[in-house]
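Count along the sequence shown from 1, then add 14; that gives the number in the numbering used here.
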Amino acid sequence: MEWDVVDLKLQDEHTLWVRFQDGVEGVVKFNPSAFRGVFAHLRDQSLFGQVAVVNGVVTWPGELDLAPAMHDEIQRKGCWILS
Numbered sequence: 015m016e017w018d019v020v021d022l023k024l025q026d027e028h029t030l031w032v033r034f035q036d037g038v039e040g041v042v043k044f045n046p047s048a049f050r051g052v053f054a055h056l057r058d059q060s061l062f063g064q065v066a067v068v069n070g071v072v073t074w075p076g077e078l079d080l081a082p083a084m085h086d087e088i089q090r091k092g093c094w095i096l097s
C-alpha cells in the first residue's frame, strides 16, 4: 500500500524520519504531551529508540504502532506532530 513505511531513521530526541512506499517522506515528532496512555513508556528515549518497521508499520515492542493516517498529514505538511 502507498502508506507502507519502507525506511525509518531516528533523528533528534523523540523524532523520526520516515519514507513511504510511494516516495512521500517526512518527520514524525512526539511533543511531551503525547507521552500518556499507551505512549507513556516511550518517554524513555531508550525505549523510543527500539522503533522498527514491521510489515510497513512503525512499531515498538509491545504491539504499539502508529496509525497509517500519518501518511496524509506528512504528504500535506511534511511532518506529523503528536501532542
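Beta carbons: idealized from backbone N, C-alpha and C, even for Gly. Nothing here was measured: the structure is a model prediction, and the numbers come from that model.
Option nearest residue i by Cα separation, candidates the options
| i | options | result |
| --- | --- | --- |
| Ser47 | Asp86, Ala81, Arg57, Val38 | Arg57 |
| Met84 | Val32, Gln25, Leu24, His28 | Val32 |
| Lys43 | Arg50, Leu30, Val52 | Leu30 |
| Ala66 | Asp21, Trp17, Met15 | Asp21 |
Alpha-carbon spacing of residue i relative to residue j, whole angstroms
| i | j | result |
| --- | --- | --- |
| Gln35 | Glu87 | 15 Å |
| Gln64 | Pro75 | 7 Å |
| Pro82 | Leu61 | 21 Å |
| Gly51 | Gly37 | 31 Å |
| Phe49 | His55 | 7 Å |
Uninterrupted beta strand (DSSP E) stretches inside the stretch 21–93 (no shorter than 3 residues): 29–34, 39–44, 66–68, 71–74
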